[in-house]
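Shown next, in structure tokens, is the structure this report addresses.
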């Protein structure tokens with residue numbers, strides 16, 4: 008079974024631009040979660056989607072948004088990029104019940120110049 | 015809110031030896047799940063082991079085992095017969111409300 012896939016793998020943007028990252032979950036998984044990883048803040052939860060509905064959200068500004076499609080694929084968008092948004096963005100999927108293992112994709116490395 | 019603490023930023027171990035990573039957490043929940051993930055230089059986050067809080071038996075996965083002390087809110091990972099491929103950053107994580115809360119990580123280096 009194919010794992011979680013994320014596109015693109017690497018991205019370079021400039022301040023003020025916006026970016027969209029994509030995540031395709033493991034086949035059959037209906038929950039997708041997003042995490043930001045930086046050297047300073049570590050791993051932080053952004054949001055989680057299940058059946059196109061956001062069930063939980065982390066403490067990030069409104070510039071960070073996401074959505075999920077009917078096929079469970081998810082996108083996250085960051086508008087008005089700041090230097091501090093440079094990070095590894097990880098997506099994870101699970102079947103969708105509350106206490107279930109999340110399986111991670113390879114991540115998208117975003118560099119904001 | 016749950017907090018997860020990993021007090022060892024770095025550890026080094028000789029190949030074939032054993033190393034133990036510590037993790038403590040804080041929660042008011044009674045039923046929860048704990049995980050150890052590893053992140054090698056490729057940055058891919060890989061599940062190592064998981065423990066369900068209602069199970070008293072400690073989880074094991076091949077050379078990886080945990081010592082789960084619920085009352086002390088402690089969840090340590092033991093890597094036995096360390097291999098060069100175990101070199102990675104290891105994260106302890108607490109799952110609640112569809113969200114994983116991670117510790118700061120412990121970098122493990124296995125020496126040949």
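Residue numbers (my numbering), protein chains in the order written: chain S, 8 to 120; chain Z, 15 to 126.
All residues carry an ideal CB built from backbone N, CA and C; glycine is no exception.
The structure presented is a predicted model; accordingly, all values stated were derived computationally and were not measured.
Residue 40(Z) has 17(Z) as its beta-bridge partners, per DSSP.
In the structure shown, residue 98(Z) falls within a helical segment according to DSSP collapsed to helix, strand and coil.
In terms of CA proximity to residue 84(Z), 46(Z) leads the group 46(Z), 26(Z), 32(Z), 19(Z). Looking at the backbone, the Cα of residue 56(S) and that of residue 83(S) are separated by about 11 Å. With fewer than 16 neighbouring CB atoms inside 10 Å of its own CB, residue 21(Z) falls in the exposed class. For the 8 Å CB-CB criterion, residue 43(S) and residue 110(S) do not form a contact. Using a Cβ-Cβ cut-off of 8 Å, residue 55(S) counts as an interface residue toward chain Z, since at least one Cβ of chain Z sits closer than that to its own. Close to chain S, meaning a Cβ-Cβ distance shorter than 9 Å, are the following residues of the stretch 111-126 of chain Z: 111, 112, 113, 114, 115, 116, 117, 118, 119.
When C-beta atoms of the stretch 18-37 of chain Z are compared with those of the stretch 20-34 of chain S, fewer than three pairs fall below 8 Å, so the two segments do not count as touching.
Residue pairing of residue 107(Z) in beta bridges, as defined by DSSP: 49(Z), 116(Z). Each of 70(Z), 102(Z), 104(Z), 33(Z) was checked against the Cα of residue 82(Z), and the nearest Cα belongs to 70(Z). For residue 96(S), the enclosing beta strand (DSSP E) covers residues 94-101. Per DSSP, the continuous beta strand (DSSP E) segment holding residue 88(Z) begins and ends at 88-93. Listed along chain Z is no residue with a C-beta nearer than 7 Å to that of residue 96(S); the closest approach is about 11 Å.
By the criterion of at least three beta-carbon pairs nearer than 8 Å, the stretch 102-112 of chain Z is in contact with the stretch 32-43 of chain Z. Within its own chain, the residues whose Cβ lies closer than 7 Å to the Cβ of residue 102(Z), once the five positions on either side in sequence are excluded, are 52, 53, 54, 122, listed in chain order.
No Cβ of chain S is located within less than 8 Å of the beta carbon of residue 48(Z).
Flagged as an interface residue toward chain S: residue 105(Z), by a C-beta distance shorter than 8 Å.
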